[in-house]
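**Student:**
Residue numbers (the numbering used here), protein chains in the order written: chain A, 72 to 709; chain B, 4 to 285.
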């Protein structure tokens, strides 16, 4: 075969293989369809994106959806189906997969949702995306109400539709009986502000909010509780009224902003987890922190009584509010902690002309928003007596958001002085949280014209005994801060050198002296030991034999022997006579012949030393040689 | 026409700038009022018999963190004045006593200390009088413990100097007794050491006690009438009488909104709001 036919055969085989793969691929390609329930939605709304996949080869799996930035998947539900039909022995299989993604919009714009893909038999197949337009909230056209579908949840089992959940997955080949008439859902616009990432519970749940997590003492913190009711739930939802527990806020003064007898207010609708929820405002409180610190607001809870499948407690979130005091800088005189809000004061004094000892009425109105103070400081002055006021209040919620109103104080003021008496000024310093600064509400009380009266009870007549008599006079000049100086006992050096060093010095001196004595004693003891003496005597003998005085040599030899007997045998042979030397040595365990030799040498030395003729040096040196031998013998024995 | 518009615009801008500058300066002046100025206002109000204004000014001074014995003393006088003129607010006597106690502790001026002591006596006499009428014990000042009384006999540094001197005498005496040859010197050294040793011990203990007092002990004055002592659980101590207003107590512990105090032999808990701490030099 030539080269060309061979090449042609190879090309032909490749083409056949390619064609076969294309055919095979065409047979296994699933039918994919991507749908959205609307193409235009408002910001924050949700849109349902549904991918349907049908194939006869293998079950589709691993569905994926690509989303651009500005859209987020909030939920996904997957429904796989299988159909196996056998007609006249011919088996026909069909696999399906329906995926429903709940997508929430986060930005205005035009987005391409997709592509979406599924895996079939190890191969991934994709379908092109769809375009979604997101418009500002509330501007989206109303959606067409989808046909009411029975959810797959077993909790929504209906006696009128026992098979619907089971029959739902079947394909077109089996027409489904319409067991439930389609319901028309109301056209609802959901409020993104009420949306949550996910429902806190099925059917019904509570959700609480606070308008701020940090505040100053006395500043209003608005606490709200909403109930969320699933509009898609096809069952009755009932809350046990006898098992409702309000939130605890022990560190706050609590004022309800909703009337106690008022029904829950409709707050709007929310789209959460692909479902629409009815949202009602059930509690709104104005909470005023009593003190600084991290103050907690406990959860509110209710008991869901129906549906039976979801019975249980529903609670709100708990919160912690970081509470501080208003800044000390710029704090006006007379500011009382907790006076926070925006207040105004007005006052009326009637009459202006009064007799001495008489009384006038002062009507003060304190109004504003915030924690309206329950008392105001009156300008105490000598000769003017403010009696306890009669207080009336009209306080409550202002537009469901703010607490406030007014308090009126009706004083009776007795005047004991005469002439033009100034009542002074009422003032109420407060912290304005909106403006973040202090302010002072003021009301001038003006001047009273007091006629002197002879019958007027004088101060001395009314008060027979003076209160706090003998108080010393005031001082007009500040003393100032003293120059800071360190205290002696704050310095460790003082304790070390000033207190501890002296006794320690004495202790060291005593100790050193004792140690010195001990060392000296030891040294002296060592110096007078038999071994030291022997060493000394041996050296003396060695030195003596170098000389020519035989007597000195004999004397040195005798002393060396005596020292050796003392050092090695522990026997003092000094002054021993005759055979006594040998006896003592023998008693000390020295061998008899060695003892005799030592005794002999000692005797010879004595004779030579005290002989009238005198001894010659050579014999003396010989005795020294023998004495060295005896000493070594004693040493070995020791 | 165009020039006129430009001129008008420039004039408007100038006026707006001036308004902003003036308001900013006013706000700055308002916020930046010096302690001396606030004190002067309070002192003037005190002279004029405006007790409430004086109290407001001296309290503002305290809120600013200004510690001064005269300010404390005048604050006490302002509260006392409010009582004297018949405009008493509950707790005024206690606050007056607190001001005088604080002034007495802080001052280095003997005259001011004497005046504060006299004022304190006047206020406590009034409290005692009221308690007598109410059938309550008249004891208003439980006094300090023996150790604190002894340690306060001398200044902290004096105890330190005494300790150092005694330490030196002890050591020298011991040296002399040890080294000296003559009997007289040896006896003298022994006597000096024998005397110096216990005094040294006492001086060290007192110096440490005074230091502890300075650094650790917190004291306060009861500023509410009728504050009943309770136990740790908040239950009123059976048979206890209300703490006297104006009493000086030692604060041992503090939890949440309650404080554990010692008043004489009494060791109990009271609300922190019933107490006002006595300031110390920073």
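Where a beta carbon is used, it is the ideal one built from N, C-alpha and C, also for glycine.
Assign residue 658/A to one of two classes, buried (16 or more other C-beta atoms within 10 Å of its C-beta) or exposed (fewer than that).
**Tutor:** Residue 658/A comes out exposed.
**Student:** How close, in whole Å, do the beta carbons of residue 514/A and residue 445/A come, if the pair is a contact with beta carbons under 8 angstroms?
**Tutor:** With a Cβ gap of about 17 angstroms, residue 514/A and residue 445/A do not count as contacting.
**Student:** Comparing alpha-carbon positions, which option in 508/A, 325/A, 586/A and 107/A lies nearest residue 204/A?
**Tutor:** The shortest Cα separation from residue 204/A among 508/A, 325/A, 586/A and 107/A belongs to 107/A.
**Student:** Select from 469/A, 426/A and 561/A the residue whose C-alpha is nearest the C-alpha of residue 524/A.
**Tutor:** The shortest Cα separation from residue 524/A among 469/A, 426/A and 561/A belongs to 426/A.
**Student:** Is there a C-beta anywhere in chain C that falls below 8 angstroms from the one on residue 546/A?
**Tutor:** Of the protein chains in this structure, namely A and B, none is chain C.
**Student:** Should residue 575/A be labelled buried (16 or more other beta-carbon atoms within 10 Å of its own) or exposed?
**Tutor:** Result: exposed.
**Student:** The beta strand (DSSP E) spanning residue 113/A covers which residue range?
**Tutor:** 111–113 is the span of the beta strand (DSSP E), which, as asked, contains residue 113/A.
**Student:** Alpha helix (DSSP H) containing residue 217/B: first to last residue?
**Tutor:** It spans 186–218 - the alpha helix (DSSP H) in which residue 217/B sits, taken as one unbroken run.
**Student:** Using beta carbons (cut-off 8 angstroms, strictly below), is residue 157/B in contact with chain A?
**Tutor:** Not an interface residue.
**Student:** Would you mind sorting residue 177/B into buried or exposed? The rule is 16 or more other CB atoms within 10 Å of its CB.
**Tutor:** Buried, by the Cβ-count rule.
**Student:** From which residue to which residue does the beta strand (DSSP E) around residue 491/A run?
**Tutor:** 490–503 is the span of the beta strand (DSSP E), which, as asked, contains residue 491/A.
**Student:** Does the pairing of the stretch 183–200 of chain B with the stretch 578–598 of chain A give three or more beta-carbon distances under 8 angstroms?
**Tutor:** No, the stretch 183–200 of chain B does not touch the stretch 578–598 of chain A.
**Student:** So residue 86/B packs on residue 95/B, CB below 8 angstroms; how close in whole Å?
**Tutor:** Indeed, because the Cβ distance is near 5 angstroms, the residues count as touching under 8 angstroms.
**Student:** Within 8 angstroms of any Cβ in chain A, is that where the Cβ of residue 212/B sits?
**Tutor:** False, the Cβ-Cβ gap to chain A never drops below 8 angstroms.
**Student:** From the DSSP output, which residues share a beta bridge with residue 663/A?
**Tutor:** DSSP lists no partner for residue 663/A.
**Student:** From 503/A, 270/A, 558/A and 321/A, pick the residue whose C-alpha is nearest to that of residue 342/A; which is it?
**Tutor:** Checked all of 503/A, 270/A, 558/A and 321/A; the closest Cα to residue 342/A is 270/A.
**Student:** What does residue 448/A touch in chain B if you count any residue whose Cβ is under 9 angstroms from its own?
**Tutor:** Per Cβ cutoff of 9 angstroms: 55, 58, 59 and 92.
**Student:** Is residue 153/B helix, strand or coil by DSSP?
**Tutor:** It is helical.
**Student:** If you measure from the CB of residue 365/A, is any heavy atom of the ligand ZN nearer than 7 angstroms?
**Tutor:** Among the ligands in the structure shown, none appear at all, so the ligand ZN cannot be discussed.
**Student:** Which parts of the stretch 305–344 of chain A are runs of the beta strand (DSSP E), unbroken and 3 residues or longer, counting only runs that do not cross its ends?
**Tutor:** Within the stretch 305–344 of chain A, the complete beta strand (DSSP E) runs of at least 3 residues are 309–316, 323–327 and 336–343.
**Student:** I need the straight-line Cα distance from residue 224/B to residue 238/B, nearest angstrom please.
**Tutor:** Using only the alpha carbons, I get a separation of about 22 angstroms.
**Student:** Expressed to the nearest angstrom, what Euclidean distance is found between the alpha-carbon atoms of residue 323/A and residue 408/A?
**Tutor:** Roughly 14 angstroms separates the two Cα atoms.
**Student:** Output needed for residue 116/B: all residues of its chain with C-beta closer than 7 angstroms, excluding positions within five of it in sequence on either side, in chain order.
**Tutor:** Hits under 7 angstroms: 107 and 110.
**Student:** CB-CB under 6 angstroms to residue 473/A, same chain, minus the five flanking residues each way: which ones, in chain order?
**Tutor:** Excluding residues within five positions, the ones whose Cβ falls inside 6 angstroms are 440.
**Student:** In whole angstroms, give me the CA-to-CA distance for residue 711/A and residue 133/A.
**Tutor:** The shown model of chain A, from 72 to 709, leaves out residue 711/A, and the question about it has no answer.
**Student:** Over what stretch of residues does the alpha helix (DSSP H) that includes residue 129/B continue unbroken?
**Tutor:** Segment 113–136, the alpha helix (DSSP H) holding residue 129/B.
**Student:** CB-CB under 6 angstroms to residue 316/A, same chain, minus the five flanking residues each way: which ones, in chain order?
**Tutor:** Excluding residues within five positions, the ones whose Cβ falls inside 6 angstroms are 372.
**Student:** Any beta carbon from chain B within less than 8 angstroms of residue 587/A's own beta carbon?
**Tutor:** Residue 587/A does not count as touching chain B.
**Student:** Provide the residue span of the beta strand (DSSP E) that contains residue 360/A, from first to last.
**Tutor:** Taken as a continuous stretch (DSSP letters only), the beta strand (DSSP E) holding residue 360/A covers 346–360.
**Student:** Against chain B, does residue 560/A count as a neighbour if the rule is that its beta carbon must be under 8 angstroms from one of theirs?
**Tutor:** Yes, its Cβ sits closer than 8 angstroms to a Cβ of chain B.
**Student:** Do residue 52/B and residue 555/A have their C-beta atoms within less than 8 angstroms of each other?
**Tutor:** Cβ distance not < 8 angstroms, so residue 52/B and residue 555/A don't count as in contact.
**Student:** Our contact map puts residue 119/B next to residue 162/B with C-beta atoms below 8 angstroms; I'd like the distance itself, whole angstroms only.
**Tutor:** With a Cβ gap of about 24 angstroms, residue 119/B and residue 162/B do not count as contacting.
**Student:** Restricting to runs no shorter than 4 residues, where is the alpha helix (DSSP H) found entirely within the stretch 557–623 of chain A?
**Tutor:** Counting whole runs of 4 or more residues, the stretch 557–623 of chain A contains the alpha helix (DSSP H) stretches 572–598 and 601–615.
**Student:** Kindly list the residues whose CB is nearer than 8 angstroms to the CB of residue 200/A, restricted to its own chain and excluding five residues on each side of it in sequence; keep chain order.
**Tutor:** The answer, listed in chain order, is 105, 137, 183, 184, 185, 186 and 187.
**Student:** Hey, would you say residue 212/A sits closer than 8 angstroms to residue 347/A, going by beta carbons?
**Tutor:** Cβ atoms of residue 212/A and residue 347/A: not closer than 8 angstroms.
**Student:** Quick one: any contact between the stretch 263–279 of chain B and the stretch 121–140 of chain B, if contact means 3 or more CB pairs under 8 angstroms?
**Tutor:** The stretch 263–279 of chain B is not in contact with the stretch 121–140 of chain B.
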